[in-house]
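Below: the structure, in structure tokens.
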Amino acid sequence: MKAIDDGNSGLYFLDVSGGTGKTFLMSVVLATVRARSNIAVAFASSGIAATLLEGCRTAHSALKLPLNLQTIEEPTCNITKNSAMAKVLSASKIIIWDECTMAHKRALNRTLKDLRNDSRCFGGAMILLSGDFRQTLPVIPRSTAADEINACLKSSNLWRYVKKLQLTTNMRVALLNDTSAEDFFEQLLTIAAKNKDVDDLNYIILNKIIGTMHSFKSIDCVTNEDEATNYPIEFLNSLDVPGLPPHNLRLKVGSVVIMLRNINQPKL
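Using UniProt numbering, read the sequence shown as starting at 1 and increasing by one per residue.
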């Protein structure tokens with residue numbers, strides 16, 4: 001954090017095994033930088049890894065990496081200097097890339113040098129890479145083991161500039177003897193075979209919460225007024241679509257709500 005506060009450039013690699021607290025550590029770094037009204041950007045090489053960090057996106061989506069990244073001789077990110085993402089990358093206090101061991105070794109370096117007009121490594125940005133070389137390496141179609149090793153970060157001339165960090169204590173294994181696990185089990189979701197059973201359980205749980213019941217009605221009008229006669233309001237209100245909330249969604253303060261979709265993703 002001191003290096004970030006001082007505005008220094010740096011290239012760090014967090015070499016960790018599963019369960020040692022890598023995601024927690026990166027989440028703390030992101031939250032701390034953002035709490036100070038600074039910009040912290042997070043990418044991940046896989047979609048699953050991207051869901052674990054706040055505001056994180058897959059590297060291919062955010063950096064506009066080519067789909068045939070591993071087969072291009074000199075890969076670059078398809079980001080223009082005047083784009084919103086270019087401005088974010090230029091102003092970032094720190095850029096985090098999780099599971100970078102799966103990515104090509106050179107694409108981001110060239111792009112940051114160009115966007116930040118800085119010939120230093122990664123354009124003088126503070127970079128925190130993380131991953132586990134014992135897991136997935138870059139996947140190159142119809143390649144040999146030597147090709148994959150050559151595309152790996154450790155084979156890059158940038159590797160000599162990397163400052164290596166490690167987490168050694170496996171926190172996940174330590175949780176196996178946690179006596180609070182039985183209490184936590186009571187807070188887990190209850191899975192039912194039918195949607196009606198789920199609705200009945202939700203109603204019972206909702207009535208146990210002390211507070212005022214609030215009702216949230218779904219939109220019950222059509223965009224084309226000419227079709228309004230074909231879709232009466234009563235019909236729209238009677239629709240019960242699996243995977244969507246009911247027409248009359250009743251909630252209390254303290255109710256647990258799980259968002260299944262994000263229909264308004266940031267377009268950077």
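Built from N, CA and C at the ideal position, the CB exists for glycine as well.
- Annotated as distal: Gly211 and Lys164, with beta-carbon spacing of 8 Å or more.
- For Ala145, the uninterrupted alpha helix (DSSP H) run begins and ends at Ala145 to Ala151, by DSSP.
- Per DSSP, Gln135 has no beta bridge partner at all.
- Taking a contact as a CB-CB distance under 8 Å, the pair Val16 and Leu167 counts as one, their CB atoms being some 5 Å apart.
- Setting aside the 5 residues that flank it on each side, Ser46 is surrounded in the same chain by Glu99, each with a C-beta closer than 6 Å to its C-beta; the list follows chain order.
- Proximity of the stretch 34 to 48 to the stretch 82 to 101 meets the contact definition, three or more beta-carbon pairs being nearer than 8 Å.
- Around the beta-carbon of Thr144, fewer than 16 other beta-carbon atoms lie within 10 Å, marking it exposed.
- Relative to the Cα of Asp132, the nearest Cα in the group Asn8, Ser9, Leu260 and Leu14 belongs to Leu14.
- A direct Cα-Cα distance of roughly 23 Å separates Ser218 from Ile209.
- Note on Asn230: under 16 other CB atoms within 10 angstroms of its CB, so exposed under the neighbour-count rule.
- Under the DSSP assignment, Phe13 falls in the beta strand (DSSP E) whose first and last residues are Gly10 to Val16.
- If you ignore the 5 residues before and after Ala86, its C-beta comes within less than 6 Å of the C-beta of Ile79 and Leu115, all in its own chain and listed in chain order.
- Of the residues Asp226, Leu65 and Ile140, the one whose Cα lies closest to the Cα of Leu108 is Leu65.
- One thing to note: Asp220 has its Cβ no nearer than 8 Å to the Cβ of Leu201.
- A distance of 8 Å or more separates the beta carbons of Gly18 and Met171.
- Following the DSSP letters along the chain, one finds Ile191 in no alpha helix (DSSP H), marked with neither H nor E.
- Assigned with DSSP and collapsed to three states, Val33 falls in helix.
- Following the DSSP letters along the chain, one finds Asn248 inside the beta strand (DSSP E) bounded by residues Asn248 to Leu251.
- Counting the other Cβ atoms within 10 Å of the Cβ of Arg57 gives 16 or more, which makes it buried.
- Note on geometry: alpha-carbon atoms of Met102 and Lys154 lie some 11 Å from one another.
- Counting C-beta atoms within 10 angstroms of its own C-beta, Gly123 has 16 or more neighbours from the protein chains shown and is therefore classed as buried.
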